[in-house]
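**Q** Here the sequence shown stands for residues 12 to 83, numbered as in our numbering.
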Amino acid sequence: MLSGAQIREARSRLGWSSQELAKRAHVLESTVKRAERTAGEPLITLEHQRKIRATFSAAGIAFEGVTAAATA
Numbered sequence: 012m013l014s015g016a017q018i019r020e021a022r023s024r025l026g027w028s029s030q031e032l033a034k035r036a037h038v039l040e041s042t043v044k045r046a047e048r049t050a051g052e053p054l055i056t057l058e059h060q061r062k063i064r065a066t067f068s069a070a071g072i073a074f075e076g077v078t079a080a081a082t083a
């Protein structure tokens, strides 16, 4: 699971705005902003976390020690 701090850091490293991440991940910008408001577990759905993680992965960002959330 990604933390809000990890999402902020990865987005910053890529030089993306919250709007750019939202567009690339196919989520609302408000979802990205809500996720980044906390340092810990973001208050977004597991599906949104999956989309954001996949977007970062496609851009070459890897997260050590982070496991993918189980899907139903």
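Cβ coordinates follow ideal geometry from the N, Cα and C atoms, glycine included.
Bear in mind the structure is a predicted one, so any value in this text is a computation, not a measurement.
Can you tell which of 68, 69, 62 has its C-alpha closest to the C-alpha of residue 33?
**A** In the sequence shown, residue 33 corresponds to position 22, counting from 1. The residue with the shortest Cα to Cα distance from residue 33 is 62.
**Q** Per DSSP, what kind of secondary structure is residue 37 in: helix, strand or coil?
**A** Along the sequence shown, one-based indexing puts residue 37 at 26. Coil, per DSSP.
**Q** Does the beta-carbon distance from residue 14 to residue 70 come in below 8 Å?
**A** Here residue 14 refers to the residue found at position 3 when the sequence shown is read from its first residue. Here residue 70 refers to the residue found at position 59 when the sequence shown is read from its first residue. Contact: no.
**Q** Look at the Cβ atom of residue 64, then the Cβ atom of residue 54, and state whether they are nearer than 8 Å.
**A** Along the sequence shown, one-based indexing puts residue 64 at 53. Along the sequence shown, one-based indexing puts residue 54 at 43. No, they are not a contact pair.
**Q** Please go through the same chain and pick out, in chain order, the residues whose beta-carbon is closer than 6 Å to the beta-carbon of residue 43, but skip the five residues on each side of it.
**A** Along the sequence shown, read from residue 1 onward, the residue named residue 43 stands at position 32. Same-chain partners within the cutoff: 29, 32, 33.
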